[in-house]
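One structure is given here, and the rest of the page talks about it.
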Amino acid sequence: MNKFVLAAMMLLSASSSFAADIKLPEPSTSGGMPLMEAIATRRSGRAFDTKMLSDKHLSDLLWATWGISSEDGKRVVPTARNRQDIDLYVLLPSGSYRYDAKANLLKQLGDKDLRYILAKDQKFALDAPVHLLFVTKDKKYGEMHAGSMYQNASLYCASENLKCVVRGLYDRAEIKQALNLDADTEVVMTEAVAYPKAQ
Ligand SMILES: Cc1cc2nc3c(=O)[nH]c(=O)nc-3n(C[C@H](O)[C@H](O)[C@H](O)COP(=O)(O)O)c2cc1C
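Mapping the sequence shown onto the working numbering, position 28 (from 1) lands on 984, and the numbers just tick up by one.
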């Protein structure tokens, strides 16, 4: 095998070493609990089952949080000047991912389970198989956008009888480093999501 072919193969295998993207099923964009009932039912929960969410629940949760809801590319939550300058990262036992709403997939960023970083000061969080991370460099509106997103996620959880809790208690520097974020980019808030712990 010539040197160039070998080098090309090595490069290809290095660049595709985290290529385990998760293609999601089409999200359901109708149905669920009546809105007022979901608002009335929403509650933080901290007793989580460790079982992974089904692909269907994951897809619907992500769409409700940061999906595209019209053909002009607008989202389920408003953003200042429609800049949409926030990313939804997802930590799962199988690694870290960025939600690509257009392609309806989770793009794998790394294959390490980083959930332990978020759970250091609140051990119950380690049970949750899904952690949503709101990632932005927008200092002015980023946290507001994250707030809209976590509220949508929480209402979806209420509607589907999933447990969730918004969490601000985590080591921001450590998770930022583990995710290899740019210096000006932060994880401004997180939310743990799971099935309720079996009684
Ligand atoms: C910005 C924000 C940060 C929060 N951080 C945490 C946290 O780190 N750990 C936690 O257990 N709950 C956290 N919570 C959840 C609150 O404790 C909870 O929303 C509050 O007690 C009211 O309860 P409810 O959500 O059931 O209405 C946070 C909530 C918000 C909105």
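Ideal Cβ positions, reconstructed from N, Cα and C, are used throughout, including at glycine.
Remember, predicted model here, so these are calculated numbers, not experimental data.
8 Å contact criterion, which residue i and residue j should meet: CB distance rounded
i: Ala-1081; j: Arg-1123; result: 6 Å
i: Val-1033; j: Ser-1104; result: 4 Å
i: Leu-980; j: Leu-1018; result: 7 Å
i: Ala-1114; j: Arg-998; result: 4 Å
i: Ala-976; j: Asp-1067; result: 7 Å
i: Val-1121; j: Ser-1026; result: Between Ser-1026 and Val-1121 the Cβ distance is about 30 Å, and since that is not below 8 Å, they are no contact.
i: Lys-1079; j: Asp-1140; result: Between Asp-1140 and Lys-1079 the Cβ distance is about 31 Å, and since that is not below 8 Å, they are no contact.
C-alpha gap between residue i and residue j, whole angstroms
i: Ala-1074; j: Lys-1058; result: Just to set this straight, residue 1074 is Leu in the shown sequence, not Ala. Spanning the two alpha carbons is a distance of roughly 28 Å.
i: Tyr-1097; j: Ala-1036; result: 7 Å
i: Asn-1136; j: Gly-988; result: 37 Å
i: Thr-921; j: Lys-1119; result: Outside the shown range of the chain (957 to 1155) lies residue 921, about which nothing can therefore be said.
i: Val-1143; j: Val-1091; result: 4 Å
i: Gln-1020; j: Lys-1012; result: In the sequence under discussion, the amino acid at residue 1020 is Ala, which differs from the Gln named in the question. Answer to the nearest angstrom: the Cα atoms are 12 Å apart.
i: Met-1145; j: Leu-1125; result: 9 Å
i: Gly-1023; j: Arg-1031; result: 6 Å
i: Lys-1153; j: Asp-1083; result: 9 Å
i: Lys-1132; j: Asn-1117; result: 31 Å
i: Ile-1065; j: Asp-1041; result: Correcting the residue identity first, residue 1065 is Leu in this sequence and not Ile. Straight-line Cα distance between these residues: approximately 19 Å.
i: Thr-985; j: Leu-1111; result: 14 Å
i: Asp-1138; j: Gln-1107; result: 26 Å
i: Gly-1051; j: Leu-1089; result: 13 Å
i: Leu-1014; j: Phe-1004; result: 16 Å
i: Arg-1002; j: Ala-1129; result: 24 Å
i: Gln-1157; j: Asp-1043; result: There is simply no residue 1157 to check, as the chain begins at 957 and stops at 1155 in what is shown.
Check whether residue i and residue j have beta carbons under 8 Å apart
i: Lys-1063; j: Tyr-1053; result: yes
i: Ala-1148; j: His-1087; result: yes
i: Leu-1070; j: Ala-1109; result: no
i: Leu-1085; j: Pro-1049; result: The question names Leu, but residue 1085 in the sequence shown is Pro. Yes, these two residues count as a Cβ contact at 8 Å.
i: Pro-983; j: Asp-1028; result: no
i: Lys-1095; j: Asp-1127; result: no
i: Leu-1061; j: Ile-978; result: yes
One or two residues paired with residue i in a DSSP bridge
i: Ser-1052; result: Leu-1047 and Gly-1066
i: Pro-1085; result: DSSP output for Pro-1085 lists no bridge partner at all.
i: Glu-1147; result: Leu-1088 and Val-1122
i: Ile-1131; result: DSSP, once it has assigned bridges, lists no residue as partnering Ile-1131.
i: Lys-979; result: Leu-1061
i: Phe-1080; result: Phe-1080 pairs with nothing; no bridge assigned.
Residue-chain proximity (residue i, chain C), Cβ-Cβ < 8 Å
i: Glu-982; result: Going by chain labels, chain C is absent from the structure shown, which holds only one protein chain.
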